[in-house]
Amino acid sequence: GSITHGADYLSLDLSAGNKEVKKALSIDSISALPPEKQAQVNTYEGLIYPLLDAKCIQCHNSEKKKGNLQLTSIDLILKGGKKGPALTAYNANQSLMIQRMLLDPANDKHMPPKGKPQLNNKEINLIYWWVQHGALVNDKLGNALLNDTVKNLIASKIIPAFPVLSLPQTSLVDSNKINTLKQLGLIVHPIAKGVGYVDLSAMNAALLNDVQAQKISILDSHLVWLNLANTKITNKGIANLSSCKNVIKLNVAYTSLNDDAIGLLNQFTKLSYLNIVGTSITDNGLAKLNLSNNFKSLYCWNTKITQGGVDQFRKRYPNIQINF
């Protein structure tokens with residue numbers, strides 16, 4: 101079968117959906133693979149199933165079907181249990197499995213139940229991302245790694261193959277600058293071996309504030325990928341990064357940014373990817389976003405943006421992929 105979503109056709113291939121995964125991979129084992137082999141790992145089997153196997157399947161298998169729900173194959177997940185399907189592809193917020201994971205741990209309906217191994221925030225975010233993007237079973241990790249939610253699980257252990265950048269060659273970043281940022285808990289590494297452009301992630305620095313974030317500006321034009329998701333950064337913090345003129349990918353998901361930040365985001369004129377998921381940005385802010393012809397993907401669900409706002413935005417930018 102297949103599922104279509106919105107104006108852009110996306111397929112959910114269930115041709116092998118009833119096949120149970122016999123041996124779960126692990127994040128560590130995937131991280132140890134060379135980049136070309138990582139890219140070929142099946143996302144569901146390599147990332148999603150291992151989480152379900154470790155934290156959920158003990159209560160939802162062929163022998164023990166709590167709530168008459170089995171999670172051992174994608175077909176059974178879609179079939180669901182007493183309360184209906186466990187997930188709704190492309191709609192994580194309406195997926196029962198996600199709703200139960202996000203409940204207060206003290207709630208009797210929380211998944212996994214009290215006393216069982218719990219999913220951490222990164223793991224829940226990964227499953228949320230997978231459902232929101234179609235619960236695809238045959239997608240490859242090479243595609244999934246374009247998303248920061250996936251990338252952040254293993255990015256600190258990966259130096260990817262040289263990417264295609266429309267930027268001139270540049271010198272390597274001074275190691276003292278990198279060490280300064282690492283002292284703040286930030287992860288900084290080159291986007292490829294021997295390349296002067298760098299990727300910075302605050303995935304281990306949730307308390308990063310505007311004052312600390314100002315130090316990121318020392319990377320200036322060397323910084324091309326910037327992940328500030330789930331930090332304490334505000335609009336002011338973004339304003340302090342104006343020297344980072346070559347940022348191509350920017351993730352500010354689940355920060356306090358609002359419509360006043362749009363003018364500041366517009367300073368990143370080379371953006372091709374922007375993630376504003378979980379912010380307070382509204383239709384008004386979206387309407388003020390100015391993007392270049394090279395821009396490709398916008399992620400904006402769980403914001404104050406409405407379908408009407410997205411529809412108007414599509415009229416301005418019909419070729420941009422909008423994940424809403």
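For the sequence shown, my numbering puts the final residue at 424, and the numbers step up evenly by one.
Every residue gets a Cβ at the ideal spot worked out from N, C-alpha and C, and that includes glycine.
Quick caveat, the model's predicted, so the values are computed rather than measured.
>> Could you give the first and the last residue of the continuous beta strand (DSSP E) run that contains Ile287?
In response: Where Ile287 is concerned, the enclosing beta strand (DSSP E) stretches over 287-290.
> Run through DSSP, which three-state label would Asp320 get?
Replying inline: DSSP, reduced to helix, strand and coil, places Asp320 within a helical segment of the structure shown.
> DSSP three-state call for Gln269: helix, strand or coil?
Replying inline: coil
> How would you call Ala206, buried or exposed, if buried means at least 16 neighbouring beta carbons within 10 angstroms?
Replying inline: exposed
>> With three or more beta-carbon pairs closer than 8 Å as the criterion, would you say the segment 311-328 touches the segment 345-356?
In response: Counting C-beta pairs with one atom in each stretch, the segment 311-328 and the segment 345-356 have three or more that are closer than 8 Å, which means they touch.
> Can you list, in chain order, the residues of its chain whose CB lies under 6 Å from that of Asn394, leaving out five sequence neighbours each side?
Replying inline: Ser372
>> I need the boundaries of the alpha helix (DSSP H) containing Lys349, first residue and last residue.
In response: No alpha helix (DSSP H) holds Lys349; the beta strand (DSSP E) holding it covers 349-351.
> Taking Ala339 as the reference, which of Ala361, Asn304, Thr403, Thr382 has the closest Cα?
Replying inline: Ala361
> Between Leu386 and the rest of its own chain, which residues show a CB-CB distance below 6 Å, the 5 nearest in sequence each way excluded?
Replying inline: Ile405, Gly409, Phe413
>> Taking 8 Å as the limit between beta carbons, can you name the residues of its chain near Ile381, skipping five residues before and five after?
In response: Leu357, Asn358, Asp359, Ala361, Ile362, Cys400, Thr403, Lys404, Ile405
> What residues are listed by DSSP as bridge partners for Asp299?
Replying inline: His289, Trp325
>> Using the Cβ count rule (16 or more neighbours within 10 Å means buried), how would you classify Thr379?
In response: With 16 or more other CB atoms across the displayed protein chains lying within 10 angstroms of its CB, Thr379 is buried.
>> Taking 8 Å as the limit between beta carbons, can you name the residues of its chain near Asp239, skipping five residues before and five after?
In response: If the five residues before and after Asp239 are omitted, its C-beta is found closer than 8 Å to the C-beta atoms of Asn142, Thr143, Tyr144, all from its own chain and listed in chain order.
> When burial is assigned at 16 or more other CB atoms within 10 Å of the CB, is Lys155 buried or exposed?
Replying inline: buried
> Excluding five sequence neighbours on each side, which residues of the same chain lie with their C-beta closer than 6 Å to the C-beta of Ser343?
Replying inline: Ser317, Asp320
> Which residue's Cα is closest to the Cα of Lys345: Asp383, Leu202, Leu364, Ser271?
Replying inline: Closest option to Lys345, Cα to Cα, is Leu364.
> Are the CB atoms of Gly285 and Ala313 nearer to each other than 9 Å?
Replying inline: no
>> In this structure, how does DSSP classify Leu187 when only helix, strand and coil are distinguished?
In response: coil
> How long is the line joining the alpha carbons of Ile291 and Val298, rounded to whole angstroms?
Replying inline: Taking the straight line from one Cα to the other gives about 5 Å.
> Gln407 by DSSP, collapsed to three states: which one?
Replying inline: Note: Gln407 maps to helix in three-state DSSP.
>> Tell me the DSSP secondary structure of Ile420 in three-state form.
In response: coil
>> Checking 9 Å against the spacing of the C-beta atoms, do Gly181 and Gly167 come in under that value?
In response: yes
> So what does Leu398 bridge to, in DSSP terms?
Replying inline: Answer is Leu374, Ile422.
> With a CB to CB cut of under 8 Å and the five nearest residues on each side skipped, what residues in its chain are close to Leu203?
Replying inline: Lys209, His210, Met211
> For Lys240, which residues does DSSP report across the bridge?
Replying inline: Asn142
> Quick one: Cα of Leu300 to Cα of Glu163, how far?
Replying inline: Each residue's Cα considered, the two are about 45 Å apart.
>> Based on DSSP bridge pairs, tell me the residues matched to Lys282.
In response: According to DSSP, which records beta bridges pairwise, Lys282 is partnered with nothing at all.
> Between the C-alpha atoms of Glu120 and Leu151, what's the straight-line distance to the nearest angstrom?
Replying inline: Unreliable placement is indicated for Glu120, whose pLDDT of 45 sits below 50; no coordinate value is reported for it.
>> Could you pull the DSSP bridge partners for His160 from this structure?
In response: Lys165
> Can the beta-carbon of Lys388 be found closer than 9 Å to that of Asn366?
Replying inline: At a Cβ-Cβ threshold of 9 Å, Lys388 and Asn366 count as neighbours.
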